[in-house]
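A.B. asks: Pasting in a structure now, in structure tokens, and then I'll have a few things to ask.
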Amino acid sequence: MKAPLIFPSLLSADFGRLAEEINTLENLGVEGLHCDIMDGVFVPNISFGLPVLEAIRRYSTKPLDVHLMIQHPERYIEAFARAGADILTFHWEATPHADRLVQQIRIFGKKVGIALNPATPVEVLREILPELDLVCLMGVNPGFGGQTFIPYVAHKLQRLVELRSFLGAHTFIEVDGGISQDTAPLVASADIWVVGSSLLNAPERSAVLQSLRKAHLPTT
Ligand code: DX5
Ligand code: ZN
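Have a look at this one:
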């Protein structure tokens with residue numbers, strides 16, 4: 412089984428030293444950076460928006476994976492595309508017009524993702540999955556870093572892997588929220604792990620990263 416790519420969530424970074432934080436993470440060899448955009452409406456928290464994303468773009472050389480936890484995502488696709496997103500992921504629960512959003516994101520030449528809240532079944536993606544570059548399965552209810560992984564998301568992941576292979580799709584599967592050295596083995600078949608607090612708040616980030624890199628391997 413291939414090791415999942417690791418995209419740290421900058422939500423747990425020190426925003427007063429963002430450029431340094433980006434540099435440290437990139438030097439540790441992470442494959443991309445996950446940027447959590449929260450509007451205080453779709454989720455009960457407000458994070459950061461366009462000017463901060465533009466700054467991240469200036470300081471980062473990695474793919475920017477922009478997770479839009481916002482209501483009416485269609486209003487902001489162009490702005491986030493221009494601010495430097497490489498992947499634009501919106502929530503299934505935030506729009507009745509997923510297909511229109513996918514087309515809108517494609518106009519700007521960006522990769523398209525759809526995120527599912529923990530209680531949203533993967534089967535809702537049956538028709539649209541082949542059109543997507545990425546599906547983000549939330550391991551927690553979106554809104555905050557540092558929450559506990561919801562175990563049933565591991566079963567959703569298996570069902571999504573099966574659905575993808577049944578449809579012959581090549582969509583990347585990302586799991587976001589609650590991933591640590593302990594929970595990572597439960598989601599070993601994902602392609603991307605978004606890791607926030609367990610990596611960024613650790614005193615020894617390189618040690619955590621090293622153990623995450625091995626967490627997909629069988630233990631026996
Ligand atoms: C949650 C965000 C996640 C979060 C992950 O709403 O979408 O990206 O920052 O943080 P941890 O890894 O601490 O759960
Ligand atoms: Zn996220």
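Read in the numbering used here, the sequence shown has 467 at position 56, and its numbers run on one by one without any break.
Quick reminder that beta carbons are idealized off the backbone N, C-alpha and C, glycines included.
Residues in its own chain within less than 7 angstroms of Leu422 by CB, not counting five upstream and five downstream?
C.D. replies: Asp447, Ser458, Gly556, Gly607
A.B. asks: Compute the distance between the beta-carbons of Ala505 and Ile481, then report whether it is under 8 angstroms.
C.D. replies: Result yes, Cβ atoms of Ala505 and Ile481 sit closer than 8 angstroms.
A.B. asks: According to DSSP, what are the bridge partners of Asp650?
C.D. replies: In this structure the chain extends from 412 to 631, so residue 650 is not present and cannot be described.
A.B. asks: Run the CB neighbour count on Arg575, radius 10 Å, all protein chains shown included, and call it buried at 16 or more, exposed below.
C.D. replies: By the neighbour-count rule (16 or more Cβ atoms within 10 Å), Arg575 is buried.
A.B. asks: Would you kindly report the start and end of the unbroken alpha helix (DSSP H) that includes Asp510?
C.D. replies: 509-518
A.B. asks: Assess contact between the segment 486-503 and the segment 556-569, defined as three or more Cβ pairs (one per stretch) separated by less than 8 angstroms. Is contact present?
C.D. replies: no
A.B. asks: Using only the alpha-carbon positions, how far apart do His627 and Ile603 sit?
C.D. replies: 11 angstroms
A.B. asks: Is Tyr462 near the ligand DX5, going by C-beta to nearest heavy atom under 7 angstroms?
C.D. replies: Residue 462 is actually Pro in this sequence, not Tyr. No; taking the cut-off as 7 angstroms, the Cβ of Pro462 has no heavy atom of the ligand DX5 nearer than that.
A.B. asks: Go ahead and label Met549 buried or exposed: buried means 16 or more other beta carbons lie within 10 angstroms of its beta carbon, across all protein chains shown.
C.D. replies: buried
A.B. asks: Hey, how far is the Cα of Phe588 from the Cα of Pro553?
C.D. replies: According to the sequence displayed, residue 588 carries Gly and not Phe. Between Gly588 and Pro553, the C-alpha separation is close to 8 angstroms.
A.B. asks: Does the separation of the CB atoms of Ala526 and Phe501 fall below 8 angstroms?
C.D. replies: yes
A.B. asks: Using 8 angstroms as the threshold, is the C-beta distance between Val513 and Val523 below it?
C.D. replies: The answer is yes: Cβ separation under 8 angstroms.
A.B. asks: For a test of your reading of the model: does the CB of His502 fall under 7 angstroms from any non-hydrogen atom of the ligand ZN? Yes or no.
C.D. replies: no
A.B. asks: Let me know the secondary structure DSSP gives Glu615 once reduced to three states.
C.D. replies: coil
A.B. asks: My guess is that Leu444 and Phe418 are in contact by the Cβ rule of under 8 angstroms, so how many angstroms apart are they, rounded?
C.D. replies: 6 angstroms
A.B. asks: List the endpoints of the continuous beta strand (DSSP E) containing Glu585.
C.D. replies: 583-587
A.B. asks: Check whether the Cβ atoms of Leu568 and Ile584 lie closer than 8 angstroms to each other.
C.D. replies: Their beta carbons are under 8 angstroms apart, which means Leu568 touches Ile584 by this criterion.
A.B. asks: Can you give, in chain order, each stretch of the beta strand (DSSP E) that sits fully within the segment 412-472 and has at least 3 residues?
C.D. replies: 416-419, 444-449
A.B. asks: Measure the CB-CB distance between Ile516 and Leu499 and report whether it falls below 8 angstroms.
C.D. replies: Closer than 8 angstroms, so yes.
A.B. asks: What residue range does the beta strand (DSSP E) around Phe501 cover?
C.D. replies: 498-502
A.B. asks: Counting contacts by CB-CB distance shorter than 8 angstroms, is Ile516 in contact with chain C?
C.D. replies: Annotation note: the requested chain C is absent from the structure, which comprises a single protein chain.
A.B. asks: Expressed to the nearest angstrom, what Euclidean distance is found between the alpha-carbon atoms of Lys605 and Pro462?
C.D. replies: The sequence shown places Val at residue 605, not Lys. Cα to Cα, the separation comes out at about 22 angstroms.
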